[in-house]
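Here's the structure, in structure tokens; my notes come after.
Residue numbers (my numbering), protein chains in the order written: chain A, 1 to 266; chain B, 1 to 266.
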């Protein structure tokens, strides 16, 4: 498939990246609707093979959209972009601990010029499809970040990397759950169909109201919590595996690309 | 999905691997029908990241089913297997040149104990679905190897790796081309839908009767040549990029796994 973004979509995406580059930051759910957003993980070159292998072995939470090799900082998914500045909020990790949040990761890249950056698909991609079908996107309605949870589901390890799957949750009216499964299932390259429907406890989630990342949800009468594999999963792997250095986006603060969501439809 | 192979399928697959281990070799199209077969490329560890990245950037010809890390020789897709012996015919490459064909690659692994092996999806996987739908698989009917061609379509490079796409060809009755597209399109993890239908010249193929790999085809009246991305593509990359050492299967002589084809349906 080769779908063209509209001029207005491209203007939205460029405006968002320029705002982030200027230091502004806010969760990006609903920004530049119809264009794909991406999670970031960047690791020293010595960890790049294991990171790519971890993604290959865990394609539901870690679908790789692009690998930006060492020495490069522009994403092919967004010509003119700079992966070091065009995300609203970055996290810098040292030995598996969150060391800093910043709106400018140029210092991190200067410290580790051999960083290899991975852009991973994001569930915001299929939110457009859900919204088009009249399925409510609660966190957008409330102007909040999507709630995300660490689970008791182990990912397949790769070399030194291991960790649990992270999931995002959207409350879906019971009568629309099947539609939400079908619609998101059409984009297997960006998490695809839910990994779980309706029983947080069996994922090891004790309290839906206290997500590990993002904001608390509001689940209304007649709604079922539906869980999708989440591109924050590499951050759980960083916490569990303690590479000496890594840079990621802050959960919910995504890299906005110029690529139409439809590019990832099967 | 989690589909179980039948005892009779598993017996077929184990019999095939045991025969290959004992030194027998023949093209594997039609062997252990309903179970997935795989292409092999093994490279020294220093080339593993670029190989995995090449596959990630060229998922149609190079869908990765499994990565067998250095020091390991058993495929998780076939418990009890040995990737050094269980393929009927191997090719050993030195500096991009075919140095040897052998039925036993233990010597190659002994020479390079750091080999990392990649199992890549094979179009034989969807042949079962085509045959089930009554679409003729000519090379099977004739007891020949499938014809494969180098093309003028460049793959996306990755580091030191570059090369053209290799395609396999099946003549399909004109009235069944759409069915063949739909059926193979259901398994995007193993090449998926054709990359090209009906015009060999636009792929740079001068003469259908002289394939670069496999046996000559027989295209009958009313049949259209249909081209699928092929897992021999990494061998074209070896020829073009000249890594110091590599081991592959011989085209058409695949690794037979215990995994049902249905596992790769979307």
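Virtual Cβ for every residue (Gly too), placed ideally from N, Cα, C.
Does residue i come out as helix, strand or coil in the three-state DSSP assignment?
i	result
residue 209 (chain A)	coil
residue 291 (chain B)	Outside the displayed span of chain B (1 to 266) sits residue 291 (chain B), for which this structure offers no information.
residue 4 (chain B)	coil
residue 253 (chain B)	coil
residue 258 (chain B)	strand
residue 125 (chain A)	helix
residue 130 (chain A)	helix
residue 26 (chain A)	coil
residue 183 (chain A)	helix
residue 188 (chain A)	helix
residue 77 (chain A)	coil
residue 21 (chain B)	helix
residue 162 (chain B)	coil
residue 221 (chain B)	coil
residue 16 (chain B)	helix
residue 38 (chain B)	strand
residue 45 (chain A)	helix
residue 265 (chain A)	coil
residue 11 (chain B)	helix
residue 85 (chain A)	coil
residue 32 (chain A)	coil
residue 193 (chain A)	coil
residue 229 (chain A)	strand
residue 117 (chain B)	strand
residue 246 (chain A)	strand
With a threshold of 16 other CB atoms inside 10 Å of the CB of residue i, please say whether the residue is buried or exposed.
i	result
residue 146 (chain B)	buried
residue 142 (chain B)	exposed
residue 206 (chain A)	exposed
residue 39 (chain A)	buried
residue 188 (chain B)	buried
residue 3 (chain A)	exposed
residue 151 (chain B)	buried
residue 79 (chain B)	exposed
residue 299 (chain A)	With chain A running from 1 to 266 in the structure shown, residue 299 (chain A) is simply not present.
residue 29 (chain B)	buried
residue 123 (chain B)	buried
residue 8 (chain B)	exposed
residue 34 (chain A)	buried
residue 6 (chain B)	exposed
residue 171 (chain A)	buried
residue 85 (chain B)	buried
residue 244 (chain B)	exposed
residue 210 (chain A)	exposed
residue 194 (chain B)	buried
residue 95 (chain A)	exposed
residue 91 (chain B)	buried
residue 113 (chain A)	exposed
residue 55 (chain A)	buried
residue 198 (chain B)	exposed
Which chain B residues sit within Cβ distance under 7 Å of residue i?
i	result
residue 245 (chain A)	Near residue 245 (chain A) there are no residues of chain B at all, since even the closest Cβ is about 18 Å away, more than 7 Å.
residue 64 (chain A)	56
Note down, in chain order, every chain A residue with its Cβ under 7 Å from the Cβ of residue i.
i	result
residue 67 (chain B)	53 and 56
residue 49 (chain B)	48, 49 and 52
Measuring only between beta-carbons, confirm whether residue i sits less than 8 Å from chain C.
i	result
residue 253 (chain A)	Of the protein chains in the structure, A and B, none is chain C.
Can you name the start and end residues of the alpha helix (DSSP H) that residue i belongs to?
i	result
residue 233 (chain A)	233-241
residue 267 (chain A)	Since the first residue shown for chain A is 1 and the last is 266, residue 267 (chain A) is missing from the structure and cannot be characterised.
residue 138 (chain A)	138-141
residue 201 (chain B)	Residue 201 (chain B) -> no alpha helix (DSSP H), and no H or E assigned at all.
What are the start and end residues of the beta strand (DSSP E) that includes residue i?
i	result
residue 98 (chain A)	97-102
residue 66 (chain A)	64-68
residue 110 (chain B)	Unbroken run through residue 110 (chain B) is the alpha helix (DSSP H), 106-111; no beta strand (DSSP E).
residue 135 (chain A)	From DSSP, residue 135 (chain A) is part of no beta strand (DSSP E); its letter is neither H nor E.
residue 152 (chain B)	148-154
residue 92 (chain B)	90-94
**Message:** Taking 8 Å as the cut-off, does the segment 214-234 of chain B touch the segment 57-76 of chain B (at least 3 CB pairs, one atom from each stretch)?
**Reply:** Because the criterion of three Cβ pairs below 8 Å is met, the segment 57-76 of chain B and the segment 214-234 of chain B touch.
**Any 3 or more C-beta pairs closer than 8 Å across the segment 249-262 of chain B and the segment 169-182 of chain B** = Segments in contact, no.
**Asked** Is it true that the segment 14-25 of chain B meets the segment 66-85 of chain A, where meeting means three or more beta-carbon pairs spaced less than 8 Å apart?
**Response** Segment contact: the segment 14-25 of chain B against the segment 66-85 of chain A, fewer than three CB-CB distances shorter than 8 Å; contact not assigned.
**Item:** Three or more C-beta pairs below 8 Å linking the segment 204-221 of chain B and the segment 155-163 of chain B
**Value:** Two segments are said to touch when three or more pairs of C-beta atoms, one from each, lie closer than 8 Å; by this definition the segment 204-221 of chain B does not touch the segment 155-163 of chain B.
**Message:** Does the structure place the segment 128-139 of chain A close enough to the segment 42-52 of chain A that three or more beta carbon pairs sit under 8 Å?
**Reply:** Counting Cβ pairs under 8 Å, fewer than three are found: no touch.
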